[in-house]
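Asks: One structure, as structure tokens, below. Some questions next.
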Amino acid sequence: MSLAGSLDRPPVTVHSTRSPDAPDLTLDDAILQGLAPDGGLYLPRFLPPLPEDWREATSLADLGVRVLAPWWGEAASEVAPLIEDALAFDTPLKPLSGDRWLLELFHGPTLSFKDVGARTMARLAGRALRARGGSVTVLVATSGDTGSAVADGFAGVPGVRVALLYPKGRVSEVQERQLIAARPGVRAFAVEGDFDACQRLVKQAFDDPDLRGLGLTSANSINVGRLLPQMLYYLWGGLQLRRDLGVEPAPYVVVPSGNLGNLTAGVMASLTGLDVHGFLAAHNANAFFPDVLAGRREPDDMPATLATLSNAMDVGAPSNFERLWFQFGRDVSQRIDGVSIDDDATLARMRLTYEEDGEFTCPHTAVGLEALERMRADHASVRDVPAMVLATAHPAKFDQAVERATGMQPPAAPALDALRDAPTRVEPLPADLSSLRDALVDGAWPN
Ligand SMILES: *Cc1c(COP(=O)(O)O)cnc(C)c1O
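The sequence shown lines up with residues 99 to 545 when you count with this note's numbering.
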């Protein structure tokens with residue numbers, strides 16, 4: 099592990115997308131705040147170029163120490179072990195036919211790429227709280243993967259409480275088991291309503307003066323603490339491809355997308371110096387971003403959410419669009435391609451990937467693989483380019499979709515089997531603000 103040569107750089111600071119000329123904040127302040135008070139999202143004021151030695155990294159965690167920790171300036175040596183601990187799991191590249199590689203991001207404890215951001219953010223927020231005292235309550239609306247990654251990442255961090263809101267009866271059985279596993283400092287609420295109702299409650303809670311004392315913050319991908327560590331696996335994938343596998347051409351990077359946090363992190367990695375052929379935003383039927391890129395929709399015309407098989411990407415109005423738009427404006431369509439894939443094509447791609455390559459994929463990853471084939475069919479410029487497709491969740495998390503597509507059960511995941519007998523705790527919640535307020539203010543938080 100090496101921090102050499104980077105400790106003399108000033109720390110990275112951030113500004114809001116809505117008031118770029120206001121004074122900057124520190125990364126720690128931005129992590130504890132989540133959304134900027136003006137409603138904007140925080141972006142780094144400058145992106146430090148990759149350090150000389152980044153190509154010598156031996157793991158994702160090592161990359162975190164070399165590349166990200168120095169963003170904290172003099173505090174890098176305090177932050178480095180936290181990042182190292184957060185990222186201590188595998189992110190292998192798996193070859194498929196047709197010059198394609200899956201970058202498997204689902205070997206963390208809750209089996210989706212969201213572990214990378216959530217675990218890192220939890221440790222960074224814990225450190226920032228220790229330094230300044232006080233406590234925060236992380237309030238998250240989740241349709242599945244975010245909630246479990248955040249609960250797992252933050253459980254037991256001193257000064258942090260977590261409240262998860264999920265739509266009762268609308269998440270998969272596996273996802274629910276992950277959400278309601280009893281964890282210190284974490285409460286799960288089964289909301290009588292859909293995901294949009296959960297999101298609405300969270301928004302109202304943030305605006306509620308009676309809840310100000312709780313120090314509410316968010317841990318979805320609007321938070322820079324989740325976004326920044328996600329840059330690292332793009333670097334790690336690129337490094338494995340070129341250095342370890344000898345694939346010289348820069349890869350076309352395919353990102354199964356919903357709220358566009360993952361893609362934004364990839365674009366930031368390329369701006370720090372990662373060599374890529376381009377990015378493909380692979381969306382399900384929620385096609386806002388592909389429609390904007392194609393000039394079929396205006397950026398301020400955000401549609402309602404549609405329910406699909408790839409439920410972690412069911413986002414009608416992606417929050418991180420604001421970051422991409424701030425950075426590039428209309429030029430965004432020269433940097434990023436976009437494709438929308440429906441459920442039938444997703445299932446067909448899951449089946450084909452099993453038949454051709456013997457690989458089970460989750461529906462989100464299949465959206466990525468199918469979007470890639472569409473682009474290759476229509477555009478010679480990406481046809482003969484090696485592709486790195488982000489595999490965002492373990493197929494066992496979506497066993498019903500896998501079975502529907504292939505007629506087979508995906509391989510078991512030990513982390514899920516262990517949950518089968520774990521103690522659970524869940525509280526029912528009507529979908530109105532006063533019920534949520536009562537629960538948060540009066541309810542007991544488990545130790
Ligand atoms: C959250 C999620 C996505 C979408 O990521 P965004 O950053 O919201 O674009 C894709 N796949 C899986 C499995 C997810 O959990």
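Cβ coordinates follow ideal geometry from the N, Cα and C atoms, glycine included.
#1: In whole angstroms, give me the CA-to-CA distance for Met400 and Pro149.
#2: Skipping 5 residues on each side, what residues in its chain have a beta carbon closer than 8 Å to that of Ser533?
#3: Quick check on the burial criterion: 16 or more other C-beta atoms within 10 angstroms. Buried or exposed for Trp543?
#4: Threshold first: 4 residues or longer. Then list the alpha helix (DSSP H) segments lying entirely within the stretch 424-449, N to C.
#5: What distance in whole Å lies between the Cβ atoms of Arg198 and Ala485, which are believed to be in contact at a cut-off of 8 Å?
#6: Quick check on the burial criterion: 16 or more other C-beta atoms within 10 angstroms. Buried or exposed for Val539?
#7: Tell me which same chain residues have a C-beta within less than 7 Å of the C-beta of Phe304, skipping the five on either side of it?
#8: Which value, in whole angstroms, describes the spacing of the CA atoms of His205 and Phe187?
#9: Buried or exposed: which applies to Lys192, given that a residue is buried once 16 or more other Cβ atoms fall within 10 Å of its Cβ?
#10: For ligand 1, is there any heavy atom lying closer than 8 Å to the beta carbon of His205?
#11: Quick check: what's the CA-CA separation for Asp389 versus Asn357?
#12: Pair every Cβ in the stretch 337-347 with every Cβ in the stretch 228-242, then say whether three or more of these pairs are closer than 8 Å.
#13: Looking at the structure shown, is Ala511 part of a helix, part of a strand, or coil, going by DSSP?
#14: If you reduce the DSSP assignment to three classes, tell me which class Ala286 lands in.
#15: For Glu501, count neighbouring Cβ atoms within 10 angstroms of its own Cβ and tell me buried if that reaches 16, exposed if not.
#16: Assuming Val579 contacts Pro265 (C-beta within less than 8 Å), just tell me the rounded distance between them.
#17: When burial is assigned at 16 or more other CB atoms within 10 Å of the CB, is Pro508 buried or exposed?
#18: Go ahead and pull the three-state DSSP assignment for Pro528.
#19: Alpha carbon to alpha carbon, how far is Asp151 from Gly103? Give it in angstroms, no decimals.
#20: Under 8 Å by Cβ, that's how I've got Pro142 and Val110 pegged, so tell me the actual separation to the nearest angstrom.
#21: Is DSSP giving Ala134 helix, strand or coil here?
#22: Comparing alpha-carbon positions, which option in Pro282, Gln276, Ala229 lies nearest Gly254?
#23: Starting from Ala174, follow the alpha helix (DSSP H) in both directions and report where the run begins and ends.
#24: Which parts of the stretch 198-226 are runs of the beta strand (DSSP E), unbroken and 3 residues or longer, counting only runs that do not cross its ends?
#25: When we look at the beta-carbon of Glu172 and count the other beta-carbons within 10 Å, is it buried (16 or more) or exposed?
#26: Is the beta carbon of Leu123 less than 9 Å from the beta carbon of His113?
#27: To the nearest angstrom, how far is the alpha carbon of Leu262 from that of Gln273?
#28: Are Gly466 and Val353 closer than 9 Å when you measure CB to CB?
#29: Nearest to Thr115 by CA position, among Gly393, Gly137, Phe287, Gln498, is which residue?
#30: Any heavy atom of ligand 1 closer than 8 Å to the beta-carbon of Leu361?
#31: For Ala266, name the three-state secondary structure that DSSP assigns.
Replies: The short version:
#1: As a position in the sequence shown, residue 400 is number 302, starting the count at 1. As a position in the sequence shown, residue 149 is number 51, starting the count at 1. Near 39 Å, if we compare the C-alpha coordinates of Pro149 and Met400.
#2: Taking the sequence shown and counting its residues from 1, one reaches residue 533 at position 435. If we look at Ser533 and ignore the five residues flanking it on each side, its Cβ neighbours are Leu527.
#3: Translated into the one-based positions of the sequence shown, residue 543 becomes position 445. Trp543 should be labelled exposed.
#4: 430-433
#5: The residue given as residue 485 occupies position 387 in the sequence shown. The residue given as residue 198 occupies position 100 in the sequence shown. Confirmed, about 5 Å.
#6: Counting from one through the sequence shown, the residue named residue 539 turns up at place 441. So Val539 counts as exposed.
#7: If you number the sequence shown from 1, residue 304 lands on position 206. The answer, listed in chain order, is Leu314.
#8: Counted from its first residue, the sequence shown places residue 205 at position 107. Counted from its first residue, the sequence shown places residue 187 at position 89. Their backbone Cα atoms lie some 6 Å apart in a straight line.
#9: Within the sequence shown, numbered from 1, the residue matching residue 192 stands at position 94. Lys192 should be labelled exposed.
#10: Here the question's residue 205 lines up with position 107 in the sequence shown. Outside the cutoff, so no.
#11: Locating residue 389 in the sequence shown gives position 291, counting from the first residue. Locating residue 357 in the sequence shown gives position 259, counting from the first residue. If you take the alpha carbons of Asp389 and Asn357, they lie about 15 Å apart.
#12: no
#13: Taking the first residue of the sequence shown as 1, we reach residue 511 at position 413. In this structure, Ala511 counts as coil in the three-state DSSP scheme.
#14: Counting from one through the sequence shown, the residue named residue 286 turns up at place 188. Note: Ala286 maps to strand in three-state DSSP.
#15: To locate residue 501, count along the sequence shown from 1; it is residue 403. By the neighbour-count rule (16 or more Cβ atoms within 10 Å), Glu501 is not buried but exposed.
#16: In the structure as shown, the chain begins at 99 and stops at 545. Residue 579 is therefore absent and cannot be evaluated.
#17: Mapped onto the sequence shown, residue 508 falls at position 410. The residue is buried, with at least 16 neighbouring Cβ atoms inside 10 Å.
#18: Stepping through the sequence shown from its first residue, residue 528 is reached at position 430. In the structure shown, Pro528 sits in a strand (DSSP, three-state: E or B).
#19: Position 5 of the sequence shown, counting from 1, holds the residue named residue 103. Position 53 of the sequence shown, counting from 1, holds the residue named residue 151. Because Gly103 carries a pLDDT of 46, less than 50, the predicted location of this residue cannot be relied on, and no value is offered for it.
#20: Your numbering for residue 142 matches position 44 in the sequence shown. Your numbering for residue 110 matches position 12 in the sequence shown. 5 Å between Cβ atoms; contact.
#21: Position 36 of the sequence shown, counted from the first residue, corresponds to residue 134. Reduced to three states, the DSSP call for Ala134 is coil.
#22: Here residue 254 refers to the residue found at position 156 of the sequence shown. The residue among Pro282, Gln276, Ala229 with its C-alpha nearest the C-alpha of Gly254 is Pro282.
#23: As a working mapping, residue 174 is identified with position 76 in the sequence shown. Its alpha helix (DSSP H) spans residues 174-184.
#24: 198-202
#25: Taking the sequence shown and counting its residues from 1, one reaches residue 172 at position 74. Glu172 should be labelled exposed.
#26: Counted from its first residue, the sequence shown places residue 123 at position 25. Counted from its first residue, the sequence shown places residue 113 at position 15. Going by C-beta atoms, Leu123 is nearer than 9 Å to His113.
#27: Counted from its first residue, the sequence shown places residue 262 at position 164. Counted from its first residue, the sequence shown places residue 273 at position 175. Each residue's alpha carbon lies about 13 Å from the other.
#28: By 1-based counting over the sequence shown, the position of residue 466 is 368. By 1-based counting over the sequence shown, the position of residue 353 is 255. Yes. Within cutoff.
#29: On the sequence shown, position 17 is the one that residue 115 refers to. Each of Gly393, Gly137, Phe287, Gln498 was checked against the Cα of Thr115, and the nearest Cα belongs to Gly137.
#30: Residue 361 sits at position 263 when you count from the first residue of the sequence shown. Flag set: Cβ of Leu361 near ligand 1.
#31: Here the question's residue 266 lines up with position 168 in the sequence shown. Contrary to the premise, residue 266 reads as Lys rather than Ala in this sequence. Coil, per DSSP.
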